[in-house]
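Here is the structure we will look at.
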Amino acid sequence: MATLTSADTQKNGAKPETGSWRVKGGLAQMLKGGVIMDVVTPDQAKIAEDAGAVAVMALERVPSDIRAQGGVARMSDPDLITGIIKAVSIPVMAKARIGHFVEAQILEALGVDYADESEVLTPADTAFHINKWDFKMPFVCGCTNLGEALRRIGEGAAMIRTKGEAGTGDVVQAVTHARNVLGHITKIKNMPEQELMTEAKNLGAPYELIREIHATGKLPVVNFAAGGIATPADAALLMQIGVEGVFVGSGIFKSSEPEKMAAAIVKATTHFDNPDILAEISAGLGKAMPGLEVSKMADSERLEKRGW
Amino acid sequence: MTRIGVLALQGDFHEHIQALESLGVETSEVRLPMHLEGLDGLIIPGGESTTIVKLGDLYGFREAIRVELDRGMALWGTCAGMIVIANELTDDRPTPFGYVDMKVSRNWFGRQVDSFEQDIAIAGMEGGPYHCVFIRAPAVASLGDSVEVLANFDGITPVAVRSGKIMATAFHPELTDDTRVHEMFIALARNGR
Chain L
1 MATLTSADTQ KNGAKPETGS WRVKGGLAQM LKGGVIMDVV TPDQAKIAED
51 AGAVAVMALE RVPSDIRAQG GVARMSDPDL ITGIIKAVSI PVMAKARIGH
101 FVEAQILEAL GVDYADESEV LTPADTAFHI NKWDFKMPFV CGCTNLGEAL
151 RRIGEGAAMI RTKGEAGTGD VVQAVTHARN VLGHITKIKN MPEQELMTEA
201 KNLGAPYELI REIHATGKLP VVNFAAGGIA TPADAALLMQ IGVEGVFVGS
251 GIFKSSEPEK MAAAIVKATT HFDNPDILAE ISAGLGKAMP GLEVSKMADS
301 ERLEKRGW
Chain V
1 MTRIGVLALQ GDFHEHIQAL ESLGVETSEV RLPMHLEGLD GLIIPGGEST
51 TIVKLGDLYG FREAIRVELD RGMALWGTCA GMIVIANELT DDRPTPFGYV
101 DMKVSRNWFG RQVDSFEQDI AIAGMEGGPY HCVFIRAPAV ASLGDSVEVL
151 ANFDGITPVA VRSGKIMATA FHPELTDDTR VHEMFIALAR NGR
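Protein chains in written order, with the numbering used here: chain L, 1 to 308; chain V, 1 to 193.
Below is the structure:
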């Protein structure tokens, strides 16, 4: 093999390009097969990192507490986010309210690695989501179906997650949303080309993205599950359905033994198709978070209805 | 036929498999040490190094990979993979598997907002500089005599190295359509086991 010379190095490009679509989506690629955990203190962030989380979501309150305590839920205190950034070596995500682009500007200034424009916080705008192309920091956004996912990608989201129903410990909505998105992708892939424009109109989604899905059979960005995942089996269920990784919110630190639960969900996300390993890691974890059955909740309490 | 496995514990292993398949080699996802058997080469992909080390140690990959290296398997670590295979880190975690005499620094270039792409020349590669994608990337802080620098970011910071049948790149060839680095690795893996 040849040796590197200084003449070679002089051929390097003059200027690094930051904030490109490829580096924004690229970080999401690196998170695949992993678990992103909600944390409210630097100590919890360290527990998550030690358990094998690929990233943490820095919050003031986990969704189940936001639900229980009520009030307007906003971006976290910058001191809290900075404390968590200092505590861990893995990427740190944080939430901005839907449409609240100034909260997003603040998160970017803090050095947050990924922003979540999240329905878990109280929406700040009833008409417009954040124009995510304005930022070097990448965004993940929630969706309940393919049209919503493609609108967010059209606005610049570099990663998509299901909304599920956060803070409930009930996985049914995450499953429903994942099946909506993945099933619809299969349908578009198999559709005659002639039907694509009408499909774009019906979905309220960008035509170019519909064409891309028709050609590739997949979303142009990484697709995780979120909202109600509370056990290793829940994580493996979503992975087998076809998502590329999971967010676990209240499910870790509202369980009776967070260290064990966190490590077990990490293992389940890797070995999601190996029932022998899943059986072994599902045992002896203590109590999962207390649950709320989504089908018995009033519509006004359902966070998945936020955003459009 | 050449067989290349990709460690599939976490990260963008699927993108490596697609690149390898486009080059006509036999591929497999490696989730347990028994899947290493008979491989000519192994790739440790991009991902989170703390997660990959944790999951790897759980099922004994640290030793199992060392045994295969001694038997002549080739190895390539990309980004997190470069961290995992180093002897030493400038950071206090994780504890790397330690197959290459180099000290690697995690997140050398900064946080995600500093992630970047740039053309960089790679030693012995035909067809001009390679378009490198760096995502919260590491770099080599220091290296031993047995390790050769294949690419430099700024003339002093190694971002691609080789030591015997082991390669490491701080960037992600699997995120571009240019398969030249994968071809380099396949040639290394074919070079006798």
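C-beta: ideal position from N, C-alpha, C; glycine also.
Classification of residue i by the beta-carbon crowding that lies within 10 angstroms, buried from 16 upward
i, result
"residue 133 of chain L", "exposed"
"residue 128 of chain L", "exposed"
"residue 79 of chain L", "exposed"
"residue 66 of chain V", "exposed"
"residue 12 of chain L", "buried"
"residue 194 of chain L", "exposed"
"residue 290 of chain L", "exposed"
"residue 221 of chain L", "buried"
"residue 121 of chain V", "buried"
"residue 202 of chain L", "exposed"
"residue 275 of chain L", "exposed"
"residue 68 of chain V", "buried"
"residue 198 of chain L", "exposed"
"residue 103 of chain L", "buried"
"residue 34 of chain V", "exposed"
"residue 190 of chain L", "exposed"
Within 7 Å, strictly: CB atoms of residue i and residue j
i, j, result
"residue 232 of chain L", "residue 166 of chain L", "no"
"residue 215 of chain V", "residue 134 of chain V", "The structure shown has nothing for residue 215 of chain V, since chain V only spans 1 to 193."
"residue 235 of chain L", "residue 169 of chain L", "no"
"residue 322 of chain L", "residue 47 of chain V", "Missing from the structure shown is residue 322 of chain L; chain L here goes from 1 to 308 and no further."
"residue 150 of chain L", "residue 205 of chain L", "yes"
"residue 75 of chain V", "residue 4 of chain V", "no"
"residue 90 of chain L", "residue 115 of chain L", "no"
"residue 168 of chain V", "residue 82 of chain V", "yes"
"residue 186 of chain L", "residue 174 of chain L", "no"
"residue 243 of chain L", "residue 225 of chain L", "yes"
"residue 212 of chain V", "residue 30 of chain V", "Chain V is shown from 1 up to 193; residue 212 of chain V falls before or after that span and cannot be answered."
"residue 52 of chain V", "residue 80 of chain V", "yes"
"residue 45 of chain V", "residue 12 of chain V", "yes"
"residue 88 of chain L", "residue 49 of chain L", "yes"
Which of helix, strand or coil DSSP assigns to residue i
i, result
"residue 213 of chain L", "helix"
"residue 116 of chain V", "strand"
"residue 142 of chain L", "strand"
"residue 198 of chain V", "Lying outside 1 to 193, the shown extent of chain V, residue 198 of chain V is not represented and no answer is given."
"residue 162 of chain V", "strand"
"residue 77 of chain L", "coil"
"residue 172 of chain V", "coil"
"residue 119 of chain L", "coil"
"residue 112 of chain L", "coil"
"residue 104 of chain L", "helix"
"residue 27 of chain V", "strand"
"residue 134 of chain V", "strand"
"residue 226 of chain L", "coil"
"residue 108 of chain V", "coil"
"residue 285 of chain L", "coil"
"residue 41 of chain L", "coil"
"residue 158 of chain L", "coil"
"residue 247 of chain L", "strand"
"residue 62 of chain L", "coil"
"residue 93 of chain V", "coil"
"residue 122 of chain V", "coil"
"residue 98 of chain L", "coil"
"residue 218 of chain L", "coil"
"residue 207 of chain L", "helix"
Of the listed residues the options, nearest to residue i (C-alpha basis)
i, options, result
"residue 218 of chain L", "L/84, L/146, L/81 and L/100", "L/146"
"residue 118 of chain V", "V/191, V/86, V/36 and V/173", "V/173"
"residue 99 of chain V", "V/122, V/112, V/72 and V/16", "V/72"
"residue 10 of chain V", "L/73, L/104, L/268 and L/155", "L/268"
"residue 248 of chain L", "L/138, L/36, L/100 and L/306", "L/36"
"residue 70 of chain L", "L/305, L/300, L/256 and L/186", "L/300"
"residue 188 of chain L", "L/239, L/171, L/208 and L/174", "L/208"
"residue 39 of chain V", "V/127, V/108 and V/64", "V/64"
"residue 164 of chain L", "L/152, L/177, L/256 and L/155", "L/177"
"residue 41 of chain V", "V/79, V/102 and V/17", "V/17"
"residue 286 of chain L", "L/266, L/258, L/272 and L/308", "L/258"
"residue 138 of chain V", "V/152, V/148 and V/184", "V/152"
"residue 245 of chain L", "L/252, L/237 and L/251", "L/237"
"residue 97 of chain L", "L/142, L/85 and L/278", "L/142"
Which residues DSSP lists as bridging residue i, in chain order
i, result
"residue 103 of chain V", "V/88 and V/142"
"residue 148 of chain V", "V/162"
"residue 92 of chain L", "L/56"
"residue 3 of chain V", "V/26"
"residue 18 of chain L", "V/116"
"residue 167 of chain V", "V/76 and V/162"
"residue 43 of chain V", "V/6 and V/76"
"residue 36 of chain L", "L/55 and L/247"
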